[in-house]
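**Q** Encoded as structure tokens, here's the structure I'll be asking about.
Number of protein chains: 2
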Amino acid sequence: MHADRPIWVRYDLAAIGKSVSPRDFSARPPTLWRYSELLPLSDPAHQISLGEGMTPLLPARRLGAYCGLSDLWIKDESQLPTGSFKSRGMALAVSMAHRFGLHRLAAPTAGNAGGALSAYGARAGMEVFVFMPEDTPTSIQAECQSYGAKVYLVQGLITDCGRIVRQGCDAMDWFDVATLKEPYRIEGKKTMGLELAEQFDWRLPDVILYPTGGGTGLIGMWKAFNELRELGWLRSDKMPRMISVQSDGCAPIVRAFKNRERFCEPWQNPDSTAWGIRVPAAVGDFMILDAIRDSNGCAVAVSESAIAAAAQLAGRLVGVSFCPESAACVLAAQKLLADGLIKPDERIVIFNTGSALKYLSGPQVDLPCLPADKPIDYAAL
Amino acid sequence: MHADRPIWVRYDLAAIGKSVSPRDFSARPPTLWRYSELLPLSDPAHQISLGEGMTPLLPARRLGAYCGLSDLWIKDESQLPTGSFKSRGMALAVSMAHRFGLHRLAAPTAGNAGGALSAYGARAGMEVFVFMPEDTPTSIQAECQSYGAKVYLVQGLITDCGRIVRQGCDAMDWFDVATLKEPYRIEGKKTMGLELAEQFDWRLPDVILYPTGGGTGLIGMWKAFNELRELGWLRSDKMPRMISVQSDGCAPIVRAFKNRERFCEPWQNPDSTAWGIRVPAAVGDFMILDAIRDSNGCAVAVSESAIAAAAQLAGRLVGVSFCPESAACVLAAQKLLADGLIKPDERIVIFNTGSALKYLSGPQVDLPCLPADKPIDYAAL
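In structure tokens:
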């Protein structure tokens, strides 16, 4: 392991291919644990579970017709525990923490990851510390509190929150479960790709549109598809083009992709109502860019000002509660079609990464607020 | 059909028993449609689906230990589309409306039913009209709107909303999908009981604690259990005791149960933060009371003032977002145990009927008192 470089879990795929076949999965309970051979943990005694996984893959005919796409699908992650895709990664991260005997977990979050960590931490009976930008929706602040987590607002961005966690780990005996700082969230997110493959009968779609903040899901899915290909479980060699979607208020991946850079420059003054993609610098930037390029995909920024209306439109035409990040993907699909980068009859999948219910700002929640530019008195937390 | 009396769907159970066995269900996709033989609709062309059903049944060891119950389970309905159990009934109601060629649906709601009807109506491309008390959480007001439903606040209770819908049906060409006014919501709710049976390997629990407003779920589950018994699919003859849980701020079922009445008197000045059980008079009151009595169950009112703290406690000990109605069930379990009406080692199931996220009152929603039926200008979105 290189310091500050993500750990990458590798499997003995040859052995797995002999012990299990795709047909076996469908007979197992409908959670992400059905793919246990491709996960780092198979012992049920350590599985900290809230019933996560096997989210619906819904045809979106009316939205497709509106956009001019004849084969559009929505993978609705809002039906996971805590209403967002973050549950997949946190189920694995907290289960592995349980496996290793950890009791105090901390993470920076733009919102949904904090809710998921708080829930799984509560399920496991662990202490959880969550740090989020002070303008995070109060619904998520309240959610984390409702699971008994210790929640702190930070006068800054998610990158400031990440620094506060990193610098406090020793003093506070925290385990840092930040995206790609710990190796198992990506394995949990990988199950989005495994489910997609199973739900499409082991044929992958042409295009996947994925809103990209930290990028764990995009990296994880690409890892999943490559593992499936190596296992020989895919009925077709076709791999999907991975499309990273960001807002023009914060688009470091898009800029790096266009400039053919391997790493991103941090985005100055990031601004987006899509909290999950308001990430000025992703730890795994190079892994996101590699996946996009390896897959012949691309990175697209959509207009921040168009996101809210797109969410309303998609909600009305699909019957699903679209978070702003996923509404951005609807805009991206229209843009790519107009630019000739996707074709009208291609099989397109948009991930709805969470419920819009999580973006409500209600009454003020009473929480401590930390400065981003002064040392933190960890002992007083 | 008697006017003003609920229609009761009956099945040819003898024929069903010959055509399918419990073993068949587990191989089908994880939605409530896996039980199609016991539903009024099997044609996939009419199934209006958002991927509903097969919610997790979670062991609640830490909450159980706190309460003194060694075999406590939570059926987490918050993971359904729209975050509540109402999706089950509305999936069936809207599918049957589609089957019968209906296009304009209307319903009164205390909140969650409106969100579910709006989502399924949007999925089906139907017009939906929703009427809710003016103090319904703004999160739900916004939710219904996000699916394109026409939402009206009413200066009154759900019973007033129900009257407004009934009286407008002819003039507005609405189909009234109010609880038990239409016959299929109960068939959808029945699947809570079918899933419970399958998840417990066709042995029913000792006790089911269910928060009771309109009571469709309690009636539906009791119907399911009786159908399963008649089919001979249960491994044990034991039927669960059905416990109806209400708040002491609105407890018409509890009062009628104690007074040995067959029908309820409407509760005067109902008051509860648990919106879903703030129902002063249930259309199916006699059916709820019949199910409770037939099952040797009872009806319990808990202290309104204790509900919020119970929700926090349960969230911390289970890792699930408890709505206030379900937090009331946690209080009821403690009360019944103290009164000797349940035993410490009995298998107890509490339904968490929805996510607490749906109970946030945020900023005022921008069209809450929309006066009339303005057409949606999609081109302007």
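Residue numbers (the numbering used here), protein chains in the order written: chain A, -17 to 363; chain B, -17 to 363. The beta carbon of each residue, even a glycine, is placed where N, CA and C say it ideally should be. Keep in mind that this is a model prediction, so the values were computed, not measured.
1. Whose CA, out of Glu177(B), Arg(-8)(B), Gln29(B) and Tyr102(B), lies closest to the CA of Gly35(B)?
2. Listing by chain order, which chain D residues have their CB less than 7 Å from the CB of Tyr129(A)?
3. According to a CB-to-CB cut-off of less than 9 Å, which residues of the stretch 58 to 69 of chain A neighbour chain B?
4. Rounding to the nearest angstrom, what Cα-Cα distance links Leu23(A) and Ser303(A) in this structure?
5. Of the choices Ser287(B), Ala338(B), Val284(B) and Ala309(B), whose alpha-carbon is the least far from that of Leu295(B)?
6. Where does Ala47(A) land, buried or exposed, given buried means 16+ other C-beta within 10 angstroms?
7. Which of helix, strand or coil does DSSP assign to Asn334(B)?
8. For the stretch 13 to 41 of chain A, list every residue whose C-beta sits within 9 Å of some C-beta in chain B, in sequence order.
9. Taking the alpha-carbon positions, what's the Ala264(B) to Gly195(B) distance?
10. Could you say which of Met221(A), Ser254(A) and Thr13(A) lies nearest to Glu328(A) if we only look at CA atoms?
11. May I have the straight-line CA-CA distance separating Ile225(A) from Leu339(A), to the nearest angstrom?
12. For the beta strand (DSSP E) that Val133(B) lies in, which residues bound it at each end?
13. Buried or exposed for Pro38(A), going by 16 or more other Cβ atoms inside 10 Å?
14. Compile a chain-ordered list of the residues in the stretch 118 to 147 of chain A whose CB is closer than 8 Å to at least one CB of chain B.
15. With 16 as the cutoff for other CB atoms within 10 Å, does Ile270(A) come out buried or exposed?
16. Less than 8 Å between the C-beta atoms of Leu191(A) and Ile330(A), yes or no?
17. For Tyr102(B), return the contacting residues in chain A, with the cut-off set at a CB-CB distance below 9 Å.
18. Using a Cβ cut-off of 9 Å, pull out every chain B residue sitting near Lys340(A), in sequence order please.
19. Determine whether the Cβ of Gly197(B) lies closer than 8 Å to any Cβ atom of chain A.
20. According to DSSP, simplified to helix, strand and coil, what is Trp55(B)?
21. Can you give the beta carbon distance from Thr91(B) to Cys143(B), rounded, assuming they're within the 8 Å contact cut?
22. In chain A, which residues lie with their C-beta within 7 Å of the C-beta of Ala9(B)?
23. Leu(-5)(A) by DSSP, collapsed to three states: which one?
24. For the beta strand (DSSP E) that contains Gln228(B), what are its first and last residues?
25. Identify, in the order they occur along the chain, each residue of the same chain with its Cβ nearer than 7 Å to the Cβ of Ile30(A), setting aside the five sequence neighbours on each side.
26. Using a Cβ-Cβ cut-off of 8 Å (strictly less than) and excluding sequence neighbours within five positions of Cys351(A), which residues of its own chain qualify?
27. What first and last residue would you give for the beta strand (DSSP E) that runs through Pro115(B)?
28. So Thr255(A) and Phe67(A) are supposed to be a Cβ contact under 8 Å. How far apart are they, rounded?
29. Does Gln316(B) get closer than 8 Å to chain A when you measure Cβ to Cβ?
30. Is the Cβ of Arg237(A) closer than 8 Å to any Cβ of chain B?
31. In chain order, what residues of the same chain lie with their CB nearer than 8 Å to the CB of Val147(B), ignoring the 5 residues before and after it?
32. Just reading off the beta strand (DSSP E) that Leu39(B) is part of, what are its end residues?
33. Does any residue of chain B bring its CB to less than 8 Å from the CB of Gln294(A)?
34. Does DSSP put Ser31(B) in a helix, in a strand, or in coil?
35. Is any beta-carbon of chain B found at less than 8 Å from that of Gly107(A)?
36. Starting from the N-terminal side, write out each stretch of the beta strand (DSSP E) that is 3 residues or longer and does not extend beyond the stretch 296 to 340 of chain A.
**A** If we stick to the structure as given:
1. Glu177(B)
2. Considering every chain present, this structure includes no chain D. Its protein chains are A and B.
3. Asp58, Ser60, Gln61, Leu62, Pro63, Thr64 and Gly65
4. Their Cα atoms are separated by approximately 32 Å.
5. Ala309(B)
6. With fewer than 16 Cβ atoms within 10 Å of its Cβ, Ala47(A) is classed as exposed.
7. strand
8. Thr13, Ile30, Ser31, Leu32, Gly33, Glu34, Met36, Thr37, Pro38, Leu39 and Leu40
9. 7 Å
10. Met221(A)
11. Between Ile225(A) and Leu339(A), the C-alpha separation is close to 25 Å.
12. Annotation: the continuous beta strand (DSSP E) that includes Val133(B) extends over Lys132 to Val136.
13. Classification of Pro38(A): buried, given that the 10 Å Cβ count is 16 or more.
14. Thr120, Ser121, Ala124, Glu125, Ser128, Tyr129 and Gly130
15. That one is buried.
16. yes
17. Gly301
18. Leu339
19. no
20. Correct three-state label for Trp55(B): strand.
21. 7 Å
22. Ala9
23. helix
24. Start and end: Arg223 to Ser229.
25. Ala73, Val76, Ser77, His80, Tyr102, Arg105 and Ala106
26. Glu116, Tyr134, Leu135, Val136 and Gln137
27. Glu109 to Pro115
28. With a Cβ gap of about 18 Å, Thr255(A) and Phe67(A) do not count as contacting.
29. So, not an interface residue.
30. no
31. Ala88, Ala89, Pro90, Phe111, Phe113, Trp156, Asp158 and Ala160
32. Leu39 to Pro41
33. Contact with chain B is found for Gln294(A), since one of that chain's Cβ atoms lies less than 8 Å from the residue's Cβ.
34. The answer is coil: DSSP assigns Ser31(B) none of H, G, I, E or B.
35. yes
36. 330 to 334
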